[in-house]
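Q: Residue numbers (UniProt numbering): 1 to 912. We put the CB at the ideal spot given by N, CA and C, even for glycine. Predicted model only: the values in this text are computed from it and were never measured. After the structure tokens below, expect a handful of questions from me.
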């Protein structure tokens, strides 16, 4: 019945619901007039976000803050966010006009849950069909319509269990971090483990001791060749049968050789050796020529796509997933959340046909390549990420249809898919060994005889030196016994390097290898740890903050199982077992939360508020200098600082932990002490003037905290260092804002300032930023008048700025244009009514229409903005409005304060 009804809609109308407007628009192209396609715009129900959203009947319950009734089979309390009410109303109205409902949300467990929530809210009385497809093409949509299924309850339970698990973890552990480390922190099942990985790598870098060694780089040519002959450049590998060490031969904890039998040369010894053997006789001792083959890489999964987009295109994980989402929703690639490397037979045929036509039969293997996926999770798509449709769209034909990011990612996916069906690459690795004067030199080369799949695709790497070493390198033709003449010997110094920090690609790879979390969630995890201040970016590396150190220490010492890698990976396996119906979700949640014979989350957290000493977990030892007290970094309530006994010094927020060496820490402490010594006395006030270093950098100060008047501070101008500040310069900085003189037309004073966003001048309400080559300390009247005569570029009175991004669709709530504007405090999204600033790490070009709507709905759910409340309060407080409008009823607190004030006045009157 379902199949017959689904296959044709000549009579009546069916409602098709997807998650996003972009997906709805694409699907509508492939359906007839008998279908209306609408979007839910993501989830339409979720657990309450904060006390305001908790239904009144549950507010008195002990578990209400969790939004999950832990005493009744972990029943979740679902609410509709205020921003989604209008969309649900629209869907209900459309459903009334329909004789069938098709739920076409994504095919993973998150999409399955959205379909289930839609059924729960809409309560359809018409037949319901679940449509599943992994690409948005005409064939795929028609195929899904021909064979719909029901909503998979097991996938729904798995998603719900994951949501409840994350809620219990986050809402129970986060308050502990607020109390013991810093407010507004958060803990999470995958998030906390990701932070631990990054902190552990930084600990290794901090403990690392570099080892140094010298060797020789020799240049050799055949004795018979002229000076124009190609030379062999070979490093020294041994002297008198003693091997020269390499980086792996040094102990990272002390910088010393692990094997004392190795020959450790210093600079003078290397130079002396070079002088001794320079005019010696050398011969080719051996030439090894070994053939090799390499196989193509499998098609992209979610994880490998994120990694390659980061390495090759410089995309963050978030940006890669957003661009991939757009490509999928517009019908250009298959579903981008998948762990599978399998390709459909039709895709393999398309790829092989393209290989044959574009590269020739030599590049086409005899049999199709089949990649076996290790994935066992029923909730994941069962095909790799590839170009959608049949035959594949060519990148050249897509260039005009896609924006720059979309085209670059599509091109990457297309090439990887084609390369996966190409022939092996073949070549030879050649190693030439040169001996003479008791020394052995060795050089390696690589020749590619047949590029195979490398014609289409070369995978990137996280290690630039490894990538360089893997490139083709042709050696001159030599044979065993050839006599060589040494034309040069250079002594080279080498040092071992600490383990590299994680890039987004490397962190994604590390999490996936450990089986922690889902690759489709890694982008949001990285966003979260950046936004919460656990890490910051330095170039392409993720650097942990001292707050991250403190949080990881707390978790390791008190809640070890929650950040244990194997325990977290097992959680993922358990969720997969629930999705396959192999494990009960209630039993699993009971084990996690209550323990049932072992320590569950609730037991682990008991008494932790009293047991954990914040001073202990907030101290990270830097070391103990000889004859002096131990040096620590302390994680303060607002900023980190260095501590040694009674001495303290602030640390810059952007200083990487491994940069805070003992030498740096002692210098900062000494500098802070010098800051307690004044540069001199201000001749006008006779107050001492200091140079100090705070959490935001160095500044000058006039006066001390013990004075009756508050000390005056002034920041250093860009490019200034504390060392160059003397009393005269400090007083100039403290003189800001400085009056330059009256404007010749208005007679208003022109004043030079050093503001939060840099130096500027101001005349009445008119302001202009100062260019980099003009200082507020010496800007002239002529320069100021010229700047004030130029058009304003920001603030009130400035020409209206063009939007940073305008989305195609309007808001379903306000029916106004959704766009990203550049505001005073940075970019923000607006729908004409609700505004929300972009979170840390978000780039305007990366935000999709659906994500913009989701963020606006989230902001709308929080209620009116504080700014509006303040404005209303201010207005009602004016005398004029007080006469015209009746006084509002005072709150109990205000009444109490007023009564107290009246009583005090009466008492004072009686006494007088």
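1. Check whether the stretch 19-35 and the stretch 843-854 are in contact - that is, three or more C-beta pairs closer than 8 Å.
2. Report yes if the CB atom of residue 406 is closer than 9 Å to the CB atom of residue 326, and no otherwise.
3. Report all residues from its chain with a CB closer than 8 Å to the CB of residue 117; omit the five preceding and five following residues, and keep chain order.
4. Could you tell me the distance, in whole angstroms, from the CA atom of residue 33 to the CA atom of residue 15?
5. Which residue comes first and which comes last in the beta strand (DSSP E) that contains residue 24?
6. Hey, how far is the Cα of residue 483 from the Cα of residue 283?
7. First and last residue of the beta strand (DSSP E) that includes residue 741?
8. With burial defined as no fewer than 16 other Cβ atoms inside 10 Å of the residue's Cβ, what is the status of residue 570: buried or exposed?
9. Please classify residue 464: is it buried, with 16 or more other beta-carbons within 10 angstroms of its beta-carbon, or exposed?
10. Between which two residues does the alpha helix (DSSP H) carrying residue 585 extend?
11. Could you check how far apart the C-beta atoms of residue 452 and residue 420 are, in whole angstroms? I think they sit under 8 Å.
12. Please report the residue range of the alpha helix (DSSP H) in which residue 962 lies.
13. Taking DSSP's pairing of strands, which residues face residue 694 in a bridge?
14. If you draw a straight line from the alpha carbon of residue 694 to that of residue 540, how long is it in whole angstroms?
15. By alpha-carbon positions, which one of 254, 826, 93, 158 ends up nearest to residue 498?
16. Would you list, in sequence order, the uninterrupted alpha helix (DSSP H) runs of no fewer than 4 residues that lie entirely inside the stretch 316-366?
17. Grouping DSSP H, G and I as helix and E and B as strand, with all else coil, what is residue 823?
18. Taking residue 173 as the reference, give the member of 744, 609, 628 with the closest Cα.
19. Taking residue 186 as the reference, give the member of 401, 55, 533, 521 with the closest Cα.
20. Let me know if residue 637 comes out buried or exposed under the rule of 16 or more other beta-carbons within 10 Å of its beta-carbon.
21. Would residue 357 be called buried (16 or more neighbouring beta carbons within 10 Å of its own) or exposed?
22. Under a Cβ-count criterion, where at least 16 other Cβ atoms within 10 Å of its own Cβ denotes burial, should residue 878 be classed as buried or exposed?
23. Using a threshold of 9 Å, state whether the C-beta atoms of residue 236 and residue 211 are closer than that.
24. Take residue 764 and list the residues in its own chain whose beta-carbon comes closer than 6 Å to its own, dropping the five residues that flank it on each side.
25. Could you check what DSSP says for residue 411 in three-state terms: helix, strand or coil?
26. Leaving out five residues on either side along the sequence, give the residues of the same chain with a beta carbon under 8 Å from the beta carbon of residue 177.
27. What ranges does the beta strand (DSSP E) occupy inside the stretch 29-89, keeping only unbroken runs of at least 3 residues that lie completely in it?
28. How should residue 73 be labelled, buried or exposed, when 16 other C-beta atoms within 10 angstroms of its C-beta is the threshold for buried?
29. How is residue 395 classed by DSSP in three states: helix, strand or coil?
30. Which of the three DSSP states, helix, strand or coil, is assigned to residue 103?
31. Where residue 315 and residue 330 are concerned, what is the direct C-alpha to C-alpha distance, given to the nearest angstrom?
32. Helix, strand or coil for residue 199? Go by DSSP, reduced to three states.
33. Could you compute how far the alpha carbon of residue 494 sits from the alpha carbon of residue 238?
34. How would you label residue 690, buried or exposed, when you count the other beta carbons within 10 angstroms and need 16 or more for buried?
35. Assuming residue 160 contacts residue 94 under a Cβ cut-off of 8 Å, what Cβ separation, rounded to an integer in Å, is found between them?
36. Taking just the CA atoms, how far does residue 318 sit from residue 398?
A: Well, looking at it:
1. yes
2. Going by C-beta atoms, residue 406 is nearer than 9 Å to residue 326.
3. Only residues of its own chain outside the window of five on either side were considered, and among them 43, 44, 45, 78 have a CB closer than 8 Å to the CB of residue 117, listed in chain order.
4. 11 Å
5. Segment 21-30 is the alpha helix (DSSP H) holding residue 24; no beta strand (DSSP E) there.
6. Between the C-alpha atoms of residue 483 and residue 283 there is a straight-line separation of about 5 Å.
7. 738-742
8. exposed
9. Because the pLDDT at residue 464 is just 48, under 50, the model does not fix this residue reliably, and the point stays unresolved.
10. Here the alpha helix (DSSP H) through residue 585 covers 585-593.
11. About 12 Å; that fails the 8 Å criterion.
12. Nothing can be reported for residue 962: it is not among the residues displayed for the chain, which extend from 1 to 912.
13. 697
14. 27 Å
15. 254
16. The alpha helix (DSSP H) runs lying completely inside the stretch 316-366 and spanning 4 residues or more are 317-329, 345-359, given in chain order.
17. strand
18. 609
19. 533
20. Residue 637 comes out exposed.
21. Answer is exposed; the Cβ neighbour count stays below 16.
22. With a pLDDT of 39 at residue 878, under the threshold of 50, the predicted position of this residue should be treated as unreliable, though the coordinate-derived value follows. So residue 878 counts as exposed.
23. no
24. 748
25. helix
26. 185, 186, 187, 551, 554
27. Fully enclosed beta strand (DSSP E) runs of 3 or longer: 35-39.
28. exposed
29. helix
30. strand
31. 20 Å
32. Of the three classes helix, strand and coil, the one that applies to residue 199 here is helix, per DSSP.
33. 16 Å
34. buried
35. A Cβ-Cβ distance of about 26 Å is found for the pair residue 160 and residue 94, leaving them out of contact under the 8 Å criterion.
36. 23 Å
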